[in-house]
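Per this note's numbering: the sequence shown ends with 151, consecutive numbering throughout. First comes the structure, then the notes that go with it.
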Amino acid sequence: MSTKARILKNGMYQFDTKDLIIRDDIMEKAKELAGLISTSTEVQYYRKAEMQIRNNDHVQGLIKQIKKKQKEAVAFEKTFRNPDMVKKIEEEIETLQNELDQIPIVSEFQQSQHDINYLLQLVMGIVKDTVSEKIELDQAKVEDPENCSD
């Protein structure tokens, strides 16, 4: 199926109802794909790690301390204009962040985020490459003048 559109005076495209049905089909398949991805091992592992982080008092305490220190740093930078104190607070934040990063469940959570992003990028790449190949094949058919007769 090909999509036909009319170009309006303002440069925008206008599609007929048939094209909107095709668009709905695409959206339905996208939702189906999203459902499949949400049941993947990567997403299940992410949810499990996220729950463990939420329920870990030590991790939550460190996160709260980091957020508090970040607000302090902004205050000392913007309101009090004290670069020495900002530097000291940033060092404290770095120490807290390093402590947080050393906790196994935190690194596992970060890895699960990375894995999901990789999966999504992989899927997007496959969709992009497949669509590009299809467009190139369609253009090659239209642009092939050797088979035309005068």
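C-beta atoms are modelled at their ideal positions from N, C-alpha and C, and glycine is treated no differently.
Does DSSP classify residue 27 as helix, strand or coil?
helix
Any chance the region 128-138 sits against the region 46-63, with 3 or more Cβ pairs inside 8 angstroms?
Contact between the region 128-138 and the region 46-63 is not established, with fewer than three Cβ pairs separated by less than 8 angstroms.
The alpha helix (DSSP H) that contains residue 71, what's its start and end?
58-79
Under the three-state reduction of DSSP, which class applies to residue 48: helix, strand or coil?
Three-state DSSP puts residue 48 in a helix.
Since residue 8 is in the beta strand (DSSP E), which residue starts that stretch and which ends it?
6-8
Could you give the residue range of the beta strand (DSSP E) that holds residue 15?
Following the DSSP letters along the chain, one finds residue 15 inside the beta strand (DSSP E) bounded by residues 14-16.
Just to confirm the assignment, what range does the alpha helix (DSSP H) spanning residue 103 have?
Counting along the chain, residue 103 falls outside any alpha helix (DSSP H), and DSSP gives it neither H nor E.
Is it buried or exposed for residue 107, if we count other Cβ within 10 angstroms and need 16 for buried?
buried
Just verifying my parser: in three-state terms, what is the DSSP assignment at residue 168?
Absent from the structure is residue 168, since the part of the chain shown begins at 2 and ends at 151.
According to DSSP, simplified to helix, strand and coil, what is residue 82?
In this structure, residue 82 counts as coil in the three-state DSSP scheme.
In or out: residue 119 buried (at least 16 other Cβ within 10 Å) or exposed?
exposed
Expressed to the nearest angstrom, what Euclidean distance is found between the alpha-carbon atoms of residue 81 and residue 68?
Their Cα atoms are separated by approximately 19 angstroms.
In whole angstroms, give me the CA-to-CA distance for residue 50 and residue 33.
25 angstroms
Assigned exposure category for residue 152 - 16 Cβ within 10 Å defines buried
Residue 152 lies beyond the stretch modelled for the chain, which goes from 2 to 151, so this question has no answer here.
Spatial neighbours of residue 2 within its chain, please: CB distance less than 7 angstroms, with the 5 preceding and 5 following residues excluded, ordered by chain position.
Because residue 2 sits at a pLDDT of 43, beneath the cut-off of 50, its placement in the model cannot be relied upon, and the following sentence gives the value as read from the coordinates. Correct list, in chain order: 23.
Once DSSP output is grouped into helix, strand and coil, what is the label at residue 118?
helix
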